[in-house]
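Notes follow the structure.
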Amino acid sequence: MVPSIRVIHYVNQFFGQIGGEEKASIAPFLNEKPIGPSQLLKGLLGMKGDVVATIVCGDNYFSDNMEKAKNEVLRLISSHNPNLVLAGPAFNAGRYGIACAEVCNIAKKDLGVEAVTSMYKENPGVEICHRDIYIIETGLSSRGMIEAMTKMVQLGLKLALKEPLGSPQEEGILLRGIKRNILSKEFASERAIRALLAKMKGELFHTEVRRPAFDEVLPAPPIEDLSKATIALVTEGGLIPIGNPDHIESHRATRYGRYSLEGMSRLSKEGFESIHRGYDTTFVNEDPNRLAPVDVMRELEQEGTIGKLYPYFFTTTGVATFVENSKKIGKSIAKELKESGVSGVILTST
Amino acid sequence: MKLELGIFNIRNIVGNSHTFIQDQALYINLNELKQVIADDQHFSKIEIEIAHPGNSVRIINVLDVIEPRVKVKGGEIFPGWIGEMGVAGIGRTHALKGVGVIEVGLMKDFYGAILDMKGAGAELTNYSNLHYVILVTEPAPGIDQAEYSHALKMAGLKAATYLARASISLQPDELRIYEIAPLNRPSINVGLPRIAYLHITEIHEVLKEPFIYGDNPRRYFPTLLHPNELIDGAIVSCTYDYSPGLKNFTYSFLNSPAVEGLYQRHGKELEFVGVVVANAPSVLADKKRSAVMAAKLIRFILGADGVIITKDGGGHPDIDLMECCEQCERLGVKTCLINSEMLSPDGTGIYSMIAFSEYADCVISAGNVDEMVDLPSMELVIGGKSMAIDIQGPFDKPMRVPIRMIPNAISQLGFTKVTTEEF
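In order, the protein sequence lines correspond to chains Z and F. Counting from 1, one number per residue, gives the positions in the first sequence under the numbering used here. Counting from 1001, one number per residue, gives the positions in the second sequence under the numbering used here.
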């Protein structure tokens, strides 16, 4: 039987048997013969695959010339048309781990080739690729080489042959902080009662959701002179011009709108409405100023209590909106406000 | 409080000229059922359809699912809705297991679920195992959301009791006794862990609430319920405008898996001391008050040492879940929470809940609400030609929908086997 899976193995100068730190600046090159751990790889693949090339690159070269090195490696990989790229194991070697992570990203994202790497959980390479690439977890030192390579091959072959994967524990995969739905053997209520009984008895119990770390936001310094300040209105209450020209979603928003207040003494109900699906919008639709208080702000502007009202208001829909999207929207709005010299914001939440 | 629940296992439902039960099959006079629920003021159309597990059928605009139950003697069922106002949870009730009544309706903002009777979607929910009587309705012209939703609820409950009435003179397949003694009686189970069940009701706004004893729970202080009251329909879903995965259906309140699981262990592994329902108000100060009062009932009135906490809805009730957790733990009551997670379709979200107390060290996941499911094509679609919410047809073709569109698949009452795994 002809081996079906074409494997490229990426290693650094040390495992590529070029040399130690003194050779860490060597540019990437390709050898069609298995080198170092690639020989082990050949044995592990057996009849299922073949090592078509080993790519070797110095760790310093990769980290000092990142973009150049990535392009070179991409070219070398695509020249041999693999079905699978394996990188490492890098154990706790930081520069090597980063290179392995980048090489796997190139294979998977740029070339659409399955890729697996392997390293210690605190290797900085983890952060670079763990969302997209499976990482076989290793210990700190290279003593775990055979075990790590065995697992990389098992997982890599499954990926390349599109076979179902076992659980992360069975495969030896470093948990990536990504979750997927699975079917448990029992109802959630049963697991809850058992966990509670264990907790009450002081026994070990398993929580299925861990508390995330929350961001802390430092408040901006107080506005020194309100009468000279430009104040902007921002809301997540789903307030949009009738017709929703920017197609802002009624929930789980990915977009925000920026609308002119030029020449308006108040928001008219003929001009604006709320499309938010998370609260009763009756009152806002009767008087949109109760969500974005343009009427009051104009009075304050006239009185001289504030310098002026920023001529645009910003709006999105904050209901079941992913935090990642909210952050993007918030940063983008804050950037414009900051660049325009706005010193205060009234942020109405619903 | 003692309740006898007569269980009738139903393995088929069939249209017939009379309504009766024979050899575990429910025969239904569909014309008579239609007359029972007919309401000329609120519906312009009512059609009754039947679907079975394993059928190539997709039911859309599913607004509620109700198990047929009827009160045979003593007490009331679905109090505040049909019959007299009276105490639920006493006397004798009959339940038709394996059957569901589905309310289907379509109006602006009504957020119905999609229930497949076979395939990938069916595998995610125990609701696909039921034989269904489906009430497909259309609102009369000029009817508003509140009137239509009330009419739908009455139709669903009337249909459920009409069907269960066929069992009244028959011997059940099984008779279950649900009984917990009043609080001040000496416990026969001294030494067992004392566990309560706390459920937090959503009171978001109109059409987003379950009702208690037939009333909208817009404002109330946490109160005690006997678990038997849930079995007799003290809590009924009136949640017509809510993401289907994040609401709890009447069927799941009737069959509350926490109540069932705690009852099964009552007197053996634990002592089930009762149920508390608390509110999820919109203002933080009210949330804190509600949590404190709920924790006080659990610790000092029920004398519980542990509590299972569940909730309705997504978003702000996470705060109530965590406030209740914190207040209970501070009083020395150990907690375990059940909640679904919002992790975005690819599961990469970091904040699966909008609040997370440091006290919440035991949380059971009912799945990622956002993960997508590929539904296969179906031969028959029941429940209309369109949906009110951003899901487009054709509905007989393969569809890709978030799991939260599938009823009970991510049941926050814990009535699902769906959970998450990190990978």
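Ideal placement from N, C-alpha and C gives every residue a C-beta, glycine not left out. Note that this is a predicted model, so its numbers are computed, not measured.
task = Please determine, among D1286/F, D1215/F and H1266/F, the residue with the shortest C-alpha to C-alpha distance to G1191/F.
result = Here residue 1191/F is taken as the residue at index 191 of the second sequence, counted from 1. That would be H1266/F, whose Cα lies nearest to the Cα of G1191/F.
request  = Report the residue from M1107/F, L1207/F and L1413/F whose alpha carbon sits nearest the alpha carbon of H1042/F.
outcome  = Counting from 1 along the second sequence, the entry for residue 1042/F is found at position 42. The residue from M1107/F, L1207/F and L1413/F with its alpha-carbon nearest to that of H1042/F is M1107/F.
request  = Kindly identify the DSSP beta-bridge partner or partners of H9/Z.
outcome  = In the first sequence, counting from the first residue as 1, residue 9/Z sits at position 9. Residue pairing of H9/Z in beta bridges, as defined by DSSP: T54/Z and L86/Z.
task = Give the secondary structure of K1150/F by DSSP, where H, G and I count as helix, E and B as strand, and everything else as coil.
result = Working through the second sequence from its first residue, we reach residue 1150/F at position 150. With the sequence shown as reference, residue 1150/F is identified as His, and Lys is not the correct amino acid for it. In the structure shown, H1150/F sits in a helix (DSSP, three-state: H, G or I).
ask   = Can you give the beta carbon distance from F1351/F to V323/Z, rounded, assuming they're within the 8 Å contact cut?
value = The sequence position of residue 1351/F within the second sequence is 351, counting from 1. The sequence position of residue 323/Z within the first sequence is 323, counting from 1. Correcting the residue identity first, residue 1351/F is Tyr in this sequence and not Phe. That pair is a contact at about 5 Å.
task = Quick one: using the 10 Å Cβ neighbour count with 16 as the cut-off for buried, is D1374/F buried or exposed?
result = Looking up residue 1374/F in the second sequence gives position 374. Counting Cβ neighbours within 10 Å, D1374/F comes out exposed, since fewer than 16 surround it.
query = Tell me the DSSP bridge mates of V1373/F?
reply = Numbered from its first residue, the second sequence carries residue 1373/F at position 373. V1373/F pairs with V1401/F.
task = Could you tell me whether the Cβ of P1326/F comes closer than 9 Å to any Cβ of chain Z?
result = Along the second sequence, one-based indexing puts residue 1326/F at 326. Residue 1326/F is actually Glu in this sequence, not Pro. Not closer than 9 Å to any Cβ of chain Z, the Cβ of E1326/F fails to qualify, so no.
task = Tell me, please, whether the stretch 1015-1028 of chain F touches the stretch 1117-1126 of chain F by the rule of three or more beta-carbon pairs shorter than 8 Å.
result = The stretch 1015-1028 of chain F makes no contact with the stretch 1117-1126 of chain F, as fewer than three CB pairs between them are under 8 Å.
inquiry  = Closest to L1135/F by C-alpha separation, out of Y1178/F, P1257/F, L1207/F and N1061/F, would be which residue?
reply    = Residue 1135/F sits at position 135 when you count from the first residue of the second sequence. Taking the Cα of L1135/F as reference, the smallest distance to any Cα among Y1178/F, P1257/F, L1207/F and N1061/F is reached at N1061/F.
ask   = At least one CB of chain Z closer than 9 Å to the CB of G1393/F: is that the case?
value = Working through the second sequence from its first residue, we reach residue 1393/F at position 393. Chain Z, which has no Cβ nearer than 9 Å to the Cβ of G1393/F, makes this no.
query = Tell me, which residues are paired with S1290/F by DSSP?
reply = The residue you call residue 1290/F lines up with position 290 of the second sequence. S1290/F pairs with nothing; no bridge assigned.
ask   = In this structure, does DSSP put T150/Z in helix, strand or coil?
value = Along the first sequence, read from residue 1 onward, the residue named residue 150/Z stands at position 150. If DSSP states are grouped into helix, strand and coil, T150/Z belongs with the helices.
query = Looking at K1118/F and S1056/F, is the spacing between their C-beta atoms short of 9 Å?
reply = Taking the second sequence and counting its residues from 1, the one referred to as residue 1056/F is at position 56. Taking the second sequence and counting its residues from 1, the one referred to as residue 1118/F is at position 118. Here S1056/F is near K1118/F, since their CB atoms are less than 9 Å apart.
ask   = Where in the stretch 264-307 of chain Z do unbroken runs of the beta strand (DSSP E), each at least 3 residues long, occur, reported from the N-terminal end onward?
value = With a minimum length of 3 residues, the continuous beta strand (DSSP E) runs that stay inside the stretch 264-307 of chain Z are 272-274.
task = Work out the CA separation of T1137/F and S1044/F for me, nearest whole Å.
result = To locate residue 1044/F, count along the second sequence from 1; it is residue 44. To locate residue 1137/F, count along the second sequence from 1; it is residue 137. If you take the alpha carbons of S1044/F and T1137/F, they lie about 8 Å apart.
request  = Flag this pair as yes or no: are the beta carbons of T1239/F and P1193/F separated by less than 9 Å?
outcome  = Position 239 of the second sequence, counted from the first residue, corresponds to residue 1239/F. Position 193 of the second sequence, counted from the first residue, corresponds to residue 1193/F. In this structure, the beta-carbon distance from T1239/F to P1193/F does not fall below 9 Å.
key: Closer than 9 Å at the beta carbon, the chain F residues around L175/Z   = Counted from its first residue, the first sequence places residue 175/Z at position 175. Contact note: L175/Z reaches chain F through E1422 and F1423, using a C-beta cutoff of 9 Å and chain order.
message = Is there a C-beta anywhere in chain F that falls below 9 Å from the one on D64/Z?
response = Taking the first sequence and counting its residues from 1, one reaches residue 64/Z at position 64. No, because no Cβ of chain F sits closer than 9 Å to the Cβ of D64/Z.
key: Neighbourhood of C1362/F by C-beta, 6 Å cutoff - its chain only, sequence neighbours within 5 removed   = The residue labelled residue 1362/F in the question sits at position 362 within the second sequence. Within the same chain, C1362/F has close Cβ partners C1336.
ask   = To the nearest angstrom, how far is it from the Cα of S63/Z to the Cα of A99/Z?
value = One-based indexing of the first sequence puts residue 63/Z at position 63. One-based indexing of the first sequence puts residue 99/Z at position 99. C-alpha of S63/Z to C-alpha of A99/Z: approximately 7 Å in a straight line.
ask   = Closest to N65/Z by CA distance: which of I55/Z, N92/Z and E102/Z is it?
value = As a working mapping, residue 65/Z is identified with position 65 in the first sequence. Comparing Cα positions, the closest option is E102/Z.
ask   = Run through DSSP, which three-state label would A313/Z get?
value = Here residue 313/Z refers to the residue found at position 313 of the first sequence. Note that residue 313/Z is Phe in the sequence shown here, rather than Ala. Strand, per DSSP.
inquiry  = Please confirm whether A1122/F has its beta-carbon closer than 9 Å to some beta-carbon of chain Z.
reply    = Position 122 of the second sequence holds residue 1122/F. At a cut-off of 9 Å between beta carbons, A1122/F makes no contact with chain Z.
inquiry  = Given this structure, state the Cα-to-Cα distance separating A1120/F from E1004/F, to the nearest angstrom.
reply    = If you number the second sequence from 1, residue 1120/F lands on position 120. If you number the second sequence from 1, residue 1004/F lands on position 4. Straight-line spacing of the CA atoms in A1120/F and E1004/F works out to 37 Å.
key: Entirely enclosed beta strand (DSSP E) segments - the stretch 206-265 of chain Z, minimum 3 residues   = If we require 3 residues or more, the beta strand (DSSP E) runs fully inside the stretch 206-265 of chain Z come out as 230-235, 239-241 and 257-260.
query = Straight-line CA distance for A1388/F to L300/Z?
reply = For this step, residue 1388/F is matched to residue 388 along the second sequence. For this step, residue 300/Z is matched to residue 300 along the first sequence. A1388/F and L300/Z have their C-alpha atoms some 42 Å from each other.
request  = Can you tell me which of F1300/F, F1395/F, Q1412/F and E1103/F puts its alpha carbon nearest to the alpha carbon of M1154/F?
outcome  = On the second sequence, residue 1154/F is found 154 positions in, with the first residue counted as 1. Residue E1103/F is the option with its Cα nearest to M1154/F.
ask   = So, is the C-beta of G1367/F closer than 9 Å to a C-beta in chain Z?
value = Counted from its first residue, the second sequence places residue 1367/F at position 367. Any Cβ of chain Z closer than 9 Å to the Cβ of G1367/F would place that residue at the interface, and such an atom is present.
ask   = Between the beta-carbon of I8/Z and the beta-carbon of L157/Z, is there less than 9 Å?
value = By 1-based counting over the first sequence, the position of residue 8/Z is 8. By 1-based counting over the first sequence, the position of residue 157/Z is 157. Contact flag unset, no.
task = Could you work out which residues of chain F lie near F322/Z, taking near to mean beta carbons separated by less than 7 Å?
result = Counting from 1 along the first sequence, the entry for residue 322/Z is found at position 322. Here the neighbours are S1344 and G1349.
inquiry  = If the criterion is Cβ atoms closer than 9 Å, does the pair G271/Z and I242/Z meet it?
reply    = Locating residue 271/Z in the first sequence gives position 271, counting from the first residue. Locating residue 242/Z in the first sequence gives position 242, counting from the first residue. Contact: yes.
ask   = So what does DSSP say about Q1022/F, is it helix, strand or coil?
value = In the second sequence, counting from the first residue as 1, residue 1022/F sits at position 22. Here Q1022/F carries a strand assignment [DSSP, helix/strand/coil].
request  = Starting from P1139/F, follow its DSSP beta bridges and name the residues at the other end.
outcome  = The residue given as residue 1139/F occupies position 139 in the second sequence. Note: P1139/F sits in a beta bridge opposite F1043/F.
request  = Starting from C1336/F, follow the beta strand (DSSP E) in both directions and report where the run begins and ends.
outcome  = Within the second sequence, the letter at position 336 stands for residue 1336/F. Run containing C1336/F: K1334 to E1341, per the beta strand (DSSP E) assignment.
query = Of all Cβ atoms in chain Z, is any one closer than 9 Å to the Cβ of A1166/F?
reply = As a first step, residue 1166/F must be located in the second sequence, where it is residue number 166. No - not a single Cβ of chain Z is within 9 Å of the one on A1166/F.
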